[in-house]
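Trainee:
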Amino acid sequence: MLRLNDRVFGLLMLALAVAYGWGAQQFSEPFGGGEAVGPRTFPTILAVVLAACSLYLIVRPDPGNPWPKGRTALEMLIAVAVLIAYTLILEPVGFIVATMLAIGTLCWRMGAPPLRAYLSGLIGGIVVFALFNYLLELPLPWGVLAFVEGH
Amino acid sequence: MDTLNYLIDGFGVALAPHNLMFALMGAFLGTLIGALPGLGPANGVAILIPLAFTLGLRPETALIMLTAVYAGAMYGGRISSILLNIPGDEPAMMTCLDGYPMARQGRAAEALAISAVASFIGSLIATVGLILLAPLLARFALTFGAAEYFALFVLAFATLGGITGKNPVKTILAAALGLMIATVGIDLSTGVQRFTFGTLELYEGVDFIIAIVGLFAVSELLVFIEEKAGAGREMIRVNKLSLKWKDIREILPTSFRGGVIGFISGVLPGAGASLGSFISYTLEKKILGSKNRFGEGDSRGVAAPEAGNNGASSGALVPMLTLGVPGSGTTAVLLAMLISFNITPGPLMFTQNADVVWGVIAALLIGNFLLLVLNIPLVGVFVKLLSVPPMYLLPMVTMVAFVGIYSISHSPVDLYFMVAFGVAGYFLRKLEIPLVPVILGMLLGPEMEKNLRHAMQISDGDWMVLWSSPLSITLWAIAIAGLVLPVIVGPILRRRMKAGAQPD
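Chains A and B are the protein sequences, given in the same order.
Letter by letter, the first sequence follows residues 24 to 174 of the working numbering.
Letter by letter, the second sequence follows residues 48 to 551 of the working numbering.
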């Protein structure tokens, strides 16, 4: 078993601890002179704790879990990209269409037949939209479907 | 007799028609969430928080609903253990041992009904325990000063991994990360900007609701994709229920014992529901001796862990409500709920927000009756919903998470944060860094720093004040034990649990 995971993570966390600790030292003392616990005290303690833990991980790492490879890794990247795209188009395109596209793609990539996947996305989107806009009165964006709203 | 009066007032709150309606809705949703494989109760409550928030519910109504969700999720967890042999969360593991064999013998309906009755008894006992113990502990906690609170928070983090936890260093590391995230934003007592990088969105800090939903729900989606578990698993069909009074009478003593053990392990720091269900299962096996057929589908083997599990989940509310220190993932999420309604949990809540506390406790009692009534006839509905494959279910859950977060602030930036937390949550899970301490760090960070400040101001900068009273020394000692014990006792206990999990 590889023990690299914890080592690399430990190094990253050590870097974070140093950066965070250094950042904490830059905070100005509050007006009126030093207090026992200023804005930098608590963060400094945390930086020390984090640094100690990451050093331990570097020295005594646990066996790591294998990372996804090839297709699986690609599918996961696609899923993250879909979530980012969902956020990106939510307001301009509107909730229903964005949900159909994003949630449909997720269902499809997880193994559902494409037509059923996008249909599920569409139905899910319409149900939630209706629930939020009419029953709960929390408006979600109409987007490209705004013409439906204009009575 | 104060307690009784408060409890009667609490029933007044909980029985108000709209509160009752939300309790019913919560119980139903909770069972559903608990039943879905992979979505543990912490996930479920996390996804519903933004909804409760955006619905503009009053604090007591929202809390009653989420308490019902919490109780319901514990009930629901047993459905997938029994029918699919997949525990919804760790404490449900022991239910698989006898529940699944029972289902395979064509007694699935009986297993489900018996576990519902055992869950009910376990919760009921623990709720009575909560009613008796919580006010006492709250009164005791009034004597805590700032230094004691600081030590208590350290204790909470130290024991969070639990006695069966794997690597305590990873728990501390996770807690440190959470606390660091909590320091982002404008420092409340000095007004200094910390780690905001001049970004307006960071001035008020990182919203822990966004972090919770991202870490739990979004990372779950990624884990499912990785495991290619989209199609779901073969499920056992449910037979027609034929339950006799004798069957119920047979499990009563087991359920009572399980409930008491569960309650105790729920209250104690570091024990938790997993240990509760494990101890009650193994103890019952010993008590019944040669009369048991544990592991082969003994109904008492279903009742024991279920009563223990549900008892522990009500017991875990004791430290959360009285000290403001949650002992489990789900109670941490409930704490998040309280904080976002500007209610500071802890001893003062019992005097300042008595209606909320006692309303919640009464709701727990009422919720249990609702759940028992819901669970026996409606089990067919839950089973149907369980057969929806994850490839449709998880994207829908993701959509609910998006809608919930978006409707709080109508800001896409929050959604980006949520996705980022989801990806980070995935990596942390792969590295076996526990997520609950991260959340707890974000929740308790501001209070912890405030108490440190108060303690130091009183002592005029003398650090010795943190361990100067007998009480705080005791708390520090327990905290250190909480870190050291898992290293020594943990491997033995884990091996035993594993050995117990295999039919012998």
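Just so you know, even glycine gets a beta-carbon here, dropped at the ideal spot from N, CA and C.
Would you say residue 147/A reaches chain B, if we count a Cβ-Cβ gap shorter than 7 Å as a contact?
Mentor: Reading the first sequence from its first residue, position 124 is the one you call residue 147/A. Yes, contact with chain B.
Trainee: Tell whether a beta-carbon distance below 7 Å holds between residue 295/B and residue 466/B.
Mentor: Here residue 295/B corresponds to residue number 248 of the second sequence, with the count starting at 1. Here residue 466/B corresponds to residue number 419 of the second sequence, with the count starting at 1. No, these two residues do not count as a Cβ contact at 7 Å.
Trainee: Can you pull the chain A neighbours of residue 346/B, defined as C-beta to C-beta under 7 Å?
Mentor: Start at 1 with the first residue of the second sequence, and residue 346/B comes out as number 299. Correct list: empty, because the minimum Cβ distance to chain A is about 37 Å.
Trainee: Would residue 439/B count as contacting chain A if we go by Cβ distances under 7 Å?
Mentor: Numbered from 1 along the second sequence, position 392 holds the residue referred to as residue 439/B. So yes, residue 439/B belongs to the interface.
Trainee: Would you mind sorting residue 333/B into buried or exposed? The rule is 16 or more other CB atoms within 10 Å of its CB.
Mentor: In the second sequence, residue 333/B corresponds to position 286, counting from 1. That one is exposed.
Trainee: Buried or exposed: where does residue 403/B fall if 16 or more other Cβ atoms within 10 Å of its Cβ makes it buried?
Mentor: In the second sequence, counting from the first residue as 1, residue 403/B sits at position 356. By the 10 Å Cβ count, residue 403/B comes out buried.
Trainee: Within its chain, find whatever has a CB closer than 8 Å to the CB of residue 41/A; leave out the 5 residues flanking it on each side and keep chain order.
Mentor: Here residue 41/A corresponds to residue number 18 of the first sequence, with the count starting at 1. Correct list, in chain order: 70, 74.
Trainee: Using a beta-carbon distance below 7 Å, is residue 67/A in contact with chain B?
Mentor: Taking the first residue of the first sequence as position 1, residue 67/A is located at position 44. Residue 67/A does not count as touching chain B.
Trainee: Can you check whether the C-beta of residue 267/B is within less than 7 Å of a C-beta belonging to chain A?
Mentor: For the purposes of this step, residue 267/B is identified with residue 220 of the second sequence, where counting begins at 1. Taking Cβ atoms only, chain A never reaches closer than 7 Å to residue 267/B, which makes this a no.
Trainee: Per DSSP, what kind of secondary structure is residue 232/B in: helix, strand or coil?
Mentor: Reading the second sequence from its first residue, position 185 is the one you call residue 232/B. It is a strand residue.
Trainee: Compute the Euclidean distance between the alpha carbons of residue 544/B and residue 325/B, then round it to the nearest angstrom.
Mentor: Along the second sequence, one-based indexing puts residue 544/B at 497. Along the second sequence, one-based indexing puts residue 325/B at 278. The straight-line gap from Cα to Cα measures roughly 7 Å.
Trainee: Taking beta-carbon pairs under 7 Å, can you tell me which members of the region 122 to 137 of chain A lie near chain B?
Mentor: The region 122 to 137 of chain A vs chain B, Cβ under 7 Å: 122, 126, 129, 130, 133, 134, 135.
Trainee: Checking contacts by CB at 7 Å: is residue 84/A closer than that to chain B?
Mentor: As a first step, residue 84/A must be located in the first sequence, where it is residue number 61. False, the Cβ-Cβ gap to chain B never drops below 7 Å.
Trainee: Measure the CB-CB distance between residue 205/B and residue 526/B and report whether it falls below 7 Å.
Mentor: The residue given as residue 205/B occupies position 158 in the second sequence. The residue given as residue 526/B occupies position 479 in the second sequence. Cβ atoms of residue 205/B and residue 526/B: closer than 7 Å.
Trainee: Give the C-beta separation of residue 106/B and residue 388/B to the nearest angstrom, bearing in mind that I take them to be a contact with Cβ-Cβ under 8 Å.
Mentor: As a position in the second sequence, residue 106/B is number 59, starting the count at 1. As a position in the second sequence, residue 388/B is number 341, starting the count at 1. 4 Å between Cβ atoms; contact.
Trainee: Which same chain residues end up closer than 6 Å to residue 138/B when comparing Cβ atoms and leaving out the 5 residues on each side of it in sequence?
Mentor: Against the second sequence, residue 138/B aligns to sequence position 91. Excluding sequence neighbours, residue 138/B sits near 320, 321, 324, 356.
Trainee: With a Cβ-Cβ cutoff of 7 Å, do residue 298/B and residue 350/B count as a contact?
Mentor: For the purposes of this step, residue 298/B is taken as residue 251 along the second sequence, with counting starting at 1. For the purposes of this step, residue 350/B is taken as residue 303 along the second sequence, with counting starting at 1. Result yes, Cβ atoms of residue 298/B and residue 350/B sit closer than 7 Å.
Trainee: Does any CB atom of chain A fall closer than 7 Å to the CB of residue 489/B?
Mentor: Counting from 1 along the second sequence, the entry for residue 489/B is found at position 442. So no, residue 489/B is outside the interface.
Trainee: So, with DSSP's three-state summary, where would you put residue 49/A?
Mentor: By one-based count along the first sequence, residue 49/A stands at place 26. Coil.
Trainee: In chain A, what lies closer than 7 Å to residue 339/B by C-beta?
Mentor: Numbered from its first residue, the second sequence carries residue 339/B at position 292. None at all; the shortest Cβ gap to chain A is about 37 Å.
Trainee: Is the separation between the beta-carbon of residue 121/A and that of residue 113/A shorter than 7 Å?
Mentor: Numbered from 1 along the first sequence, position 98 holds the residue referred to as residue 121/A. Numbered from 1 along the first sequence, position 90 holds the residue referred to as residue 113/A. Yes, they are a contact pair.
Trainee: What would DSSP say about residue 241/B, mapped onto helix, strand or coil?
Mentor: Numbered from 1 along the second sequence, position 194 holds the residue referred to as residue 241/B. It is a strand residue.
Trainee: Please tell me whether residue 159/B and residue 178/B are closer than 7 Å, where the distance is taken between their beta carbons.
Mentor: Position 112 of the second sequence, counted from the start, is the residue given in the question as residue 159/B. Position 131 of the second sequence, counted from the start, is the residue given in the question as residue 178/B. It is not a contact, given that the beta carbons lie outside the stated cut-off.
Trainee: Check for me: the alpha helix (DSSP H) holding residue 152/B runs from which residue to which?
Mentor: For the purposes of this step, residue 152/B is taken as residue 105 along the second sequence, with counting starting at 1. It is not in any alpha helix (DSSP H) - residue 152/B carries neither H nor E in the DSSP assignment.
Trainee: Can you give the Cα-Cα distance for residue 123/B and residue 461/B, rounded to whole angstroms?
Mentor: What you label residue 123/B is simply residue 76 of the second sequence in a count that begins at 1. What you label residue 461/B is simply residue 414 of the second sequence in a count that begins at 1. Between residue 123/B and residue 461/B, the C-alpha separation is close to 31 Å.
Trainee: Going by beta-carbon coordinates alone, are residue 555/B and residue 66/B separated by less than 7 Å?
Mentor: The displayed coordinates of chain B run from 48 to 551. Any statement about residue 555/B would go beyond what the structure contains.
Trainee: Is the beta carbon of residue 393/B closer than 7 Å to that of residue 371/B?
Mentor: Numbered from 1 along the second sequence, position 324 holds the residue referred to as residue 371/B. Numbered from 1 along the second sequence, position 346 holds the residue referred to as residue 393/B. Closer than 7 Å, so yes.
Trainee: Any contact of the region 507 to 520 of chain B with the region 411 to 431 of chain B, i.e. 3+ C-beta pairs under 8 Å?
Mentor: With a cut-off of 8 Å, the region 411 to 431 of chain B and the region 507 to 520 of chain B do not count as touching, because too few Cβ pairs lie within range.
Trainee: Distance cutoff 7 Å, beta carbons only. Does residue 98/A sit that close to anything in chain B?
Mentor: Taking the first residue of the first sequence as 1, we reach residue 98/A at position 75. True, the Cβ-Cβ gap to chain B drops below 7 Å.
Trainee: Can you give me the C-alpha to C-alpha distance between residue 166/B and residue 309/B, rounded to a whole angstrom?
Mentor: Counted from its first residue, the second sequence places residue 166/B at position 119. Counted from its first residue, the second sequence places residue 309/B at position 262. The straight-line gap from Cα to Cα measures roughly 11 Å.
Trainee: Count the other CB atoms, across all protein chains shown, that sit within 10 Å of the CB of residue 198/B; report buried if there are 16 or more and exposed otherwise.
Mentor: On the second sequence, residue 198/B is found 151 positions in, with the first residue counted as 1. Result: buried.
Trainee: Is residue 377/B near the ligand NAD, going by C-beta to nearest heavy atom under 6 Å?
Mentor: The model on display carries no ligand, and the ligand NAD is accordingly not part of it.
Trainee: Taking only beta carbons into account, state which residues of the region 442 to 464 of chain B come closer than 8 Å to chain A, listed in chain order.
Mentor: Taking 8 Å as the Cβ-Cβ cut-off against chain A, the residues of the region 442 to 464 of chain B that qualify are 442, 443, 445, 446, 447, 449, 450, 453, 454, 459, 462, 463.
Trainee: Can you find a CB in chain A that lies within less than 7 Å of the CB of residue 227/B?
Mentor: In the second sequence, counting from the first residue as 1, residue 227/B sits at position 180. At least one chain A Cβ lies under 7 Å of residue 227/B.
Trainee: Compare the beta carbon distance of residue 108/B and residue 69/B with 7 Å and say whether it is the shorter of the two.
Mentor: Taking the second sequence and counting its residues from 1, one reaches residue 108/B at position 61. Taking the second sequence and counting its residues from 1, one reaches residue 69/B at position 22. Result yes, Cβ atoms of residue 108/B and residue 69/B sit closer than 7 Å.
Trainee: Helix or strand or just coil, what does DSSP make of residue 388/B?
Mentor: Locating residue 388/B in the second sequence gives position 341, where the first residue counts as 1. Residue 388/B: coil per DSSP, three-state reduction.
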